[in-house]
Each structure stands twice: as C-alpha cells, then as structure tokens.
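Trainee: In the numbering used here, the protein residues as written are 5 to 45.
Here a beta-carbon is modelled for each residue, glycine too, at the ideal position from N, C-alpha and C.
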Amino acid sequence: MPELPEVETVRKGLIQGMLNKTFEDVLVRREGLRYPFPDDL
5 MPELPEVETV RKGLIQGMLN KTFEDVLVRR EGLRYPFPDD L
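1. Which of helix, strand or coil does DSSP assign to V30?
2. Using three-state DSSP, classify L23 as helix, strand or coil.
3. For D43 and P9, I'd like the C-alpha separation in whole angstroms.
4. Contact check, F41 vs E35 under 8 Å by CB: the rounded distance?
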C-alpha cells in the first residue's frame, strides 16, 4: 500500500494533464486489483 506522500506526488503529476478532462474509454489490464470490476464499468 503506498504511503500518502507518494500518492500526493502522483496526484500532483497527473492533475496537470487531466484536470477538467473526460475519459472516453478505460482499459482494465488487471482484473480485480482489490475488488472485481463490474462488466458495465
């Protein structure tokens, strides 16, 4: 499990290119990382 400072660093890096954007598609590369993903996700 990542620590909060690591998560915050990743968040800050991602937000620059993702803020106010919309996902058109999602590719699930690993089924059920923690919980199974619904088929209609």
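Mentor: In short:
1. Your numbering for residue 30 matches position 26 in the sequence shown. In the structure shown, V30 sits in coil (DSSP, three-state: anything other than H, G, I, E or B).
2. Numbered from 1 along the sequence shown, position 19 holds the residue referred to as residue 23. L23: coil per DSSP, three-state reduction.
3. The residue labelled residue 43 in the question sits at position 39 within the sequence shown. The residue labelled residue 9 in the question sits at position 5 within the sequence shown. Between the C-alpha atoms of D43 and P9 there is a straight-line separation of about 32 Å.
4. On the sequence shown, residue 41 is found 37 positions in, with the first residue counted as 1. On the sequence shown, residue 35 is found 31 positions in, with the first residue counted as 1. Their Cβ separation, rounded to whole angstroms, is 7 Å, which keeps F41 and E35 in contact under 8 Å.
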